[in-house]
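Student: Residue numbering for the sequence shown follows my numbering, beginning at 53 and increasing consecutively.
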Amino acid sequence: MVWIRQQQARPLAVVAAWIGALLPWNLTYSSGGGIGVLFIRFPFFEFQYTSGAETAINGATVRSVLGAMFLQSGRGLESATLVWGGGAVVMLVALVLSVACYENTPRLESLSIHPVRLMGGLLGVASVLFSVATVFVWTGGFGGTPIPIGVLLMAPLAWILLRGTIVDEAETAAPTDPETESAPSEADTEPSVD
Numbered sequence: 053m054v055w056i057r058q059q060q061a062r063p064l065a066v067v068a069a070w071i072g073a074l075l076p077w078n079l080t081y082s083s084g085g086g087i088g089v090l091f092i093r094f095p096f097f098e099f100q101y102t103s104g105a106e107t108a109i110n111g112a113t114v115r116s117v118l119g120a121m122f123l124q125s126g127r128g129l130e131s132a133t134l135v136w137g138g139g140a141v142v143m144l145v146a147l148v149l150s151v152a153c154y155e156n157t158p159r160l161e162s163l164s165i166h167p168v169r170l171m172g173g174l175l176g177v178a179s180v181l182f183s184v185a186t187v188f189v190w191t192g193g194f195g196g197t198p199i200p201i202g203v204l205l206m207a208p209l210a211w212i213l214l215r216g217t218i219v220d221e222a223e224t225a226a227p228t229d230p231e232t233e234s235a236p237s238e239a240d241t242e243p244s245v246d
């Protein structure tokens with residue numbers, strides 16, 4: 053079992069949310085007919101680099117998750133972009149929660165669930181949604197092998213936040229037993245005579 057100190061639990065939740073938001077959840081390279089396409093998909097946008105195609109579409113393109121949803125509407129990756137959009141909404145909620153945790157908002161204490169557990173749940177849901185979207189990318193007919201980079205890091209962080217035991221500083225300190233502690237002996241306190 054993982055132990056998380058009380059004073060480090062919220063900072064860990066904040067860092068986990070920002071790692072999940074800044075790392076790409078998917079990396080896919082596809083090639084065929086002399087054309088190569090690299091997709092790096094982040095929770096809120098994607099970077100696409102195309103080479104070997106007509107000059108009009110060669111090069112880099114950046115589009116938001118909404119732009120990708122509109123582009124793929126009615127196409128093979130429509131399901132992937134819709135699930136990706138759901139994951140982006142969950143990540144946005146996680147980022148809002150991370151700001152509240154960072155500012156140590158008193159309202160968080162009134163929640164029925166601990167904010168660290170809530171963050172773990174949000175990151176877990178986002179991991180599942182991005183995993184499903186990765187499967188849809190793989191089976192969407194575009195080709196290439198998607199690598200779920202962010203999911204491989206976000207899922208363990210979610211598990212740590214959900215399953216870790218949050219302990220007080222006093223609980224993690226080494227226990228002291230007054231019977232085993234002894235006063236310094238006379239040999240330790242008297243100067244040696246040589």
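Positions of the beta carbon are idealized from the N, C-alpha and C atoms, including for glycine.
Owing to the predicted nature of the structure, the values given are computational and were not obtained by experimental measurement.
#1: On the DSSP letters alone, give me the boundaries of the alpha helix (DSSP H) that residue 172 sits inside.
#2: From the DSSP output, read off the bridge partner residues of residue 218.
#3: Of all the options 76, 78, 103, which has the alpha carbon lying nearest to the alpha carbon of residue 89?
#4: Pull up the distance between the alpha-carbon of residue 144 and that of residue 106, whole angstroms please.
#5: Would you say residue 38 and residue 146 are within 7 angstroms of each other, going by their C-beta atoms?
#6: Measure from the alpha carbon of residue 210 to the alpha carbon of each residue in 195, 66, 99, then state which is nearest.
#7: So, with DSSP's three-state summary, where would you put residue 98?
#8: Under a Cβ-count criterion, where at least 16 other Cβ atoms within 10 Å of its own Cβ denotes burial, should residue 122 be classed as buried or exposed?
#9: State buried or exposed for residue 243, treating a residue as buried only when at least 16 other CB atoms are found within 10 Å of its CB.
#10: Considering only DSSP beta bridges, list what residue 113 is partnered with.
#11: In this structure, how does DSSP classify residue 244 when only helix, strand and coil are distinguished?
Tutor: In this structure, then:
#1: Here residue 172 refers to the residue found at position 120 when the sequence shown is read from its first residue. Residues 167–191.
#2: By 1-based counting over the sequence shown, the position of residue 218 is 166. Paired residues: 56.
#3: The count along the sequence shown starts at 1 and reaches residue 89 at position 37. Minimum Cα distance to residue 89 is reached at 103.
#4: By one-based count along the sequence shown, residue 144 stands at place 92. By one-based count along the sequence shown, residue 106 stands at place 54. For residue 144 and residue 106, the distance between alpha carbons rounds to 36 angstroms.
#5: Here the chain comprises residues numbered 53 to 246, so residue 38 is not present and cannot be evaluated.
#6: The sequence position of residue 210 within the sequence shown is 158, counting from 1. Residue 210 has its Cα closest to that of 66, out of 195, 66, 99.
#7: Residue 98 sits at position 46 when you count from the first residue of the sequence shown. Three-state DSSP puts residue 98 in a strand.
#8: Your numbering for residue 122 matches position 70 in the sequence shown. The residue in question, residue 122, is exposed, as its Cβ has fewer than 16 Cβ neighbours within 10 Å.
#9: Looking up residue 243 in the sequence shown gives position 191. Any answer about residue 243 is weak, because its pLDDT of 49 lies below 50 and its placement is not dependable; what the coordinates show is given next. Per the 10 Å Cβ criterion, exposed.
#10: Here residue 113 refers to the residue found at position 61 when the sequence shown is read from its first residue. Its beta-bridge partners are 100.
#11: Along the sequence shown, one-based indexing puts residue 244 at 192. Low confidence applies here, because residue 244 scores a pLDDT of 48, under 50, leaving its location unreliable; read the following figure in that light. Coil at residue 244, not helix or strand.
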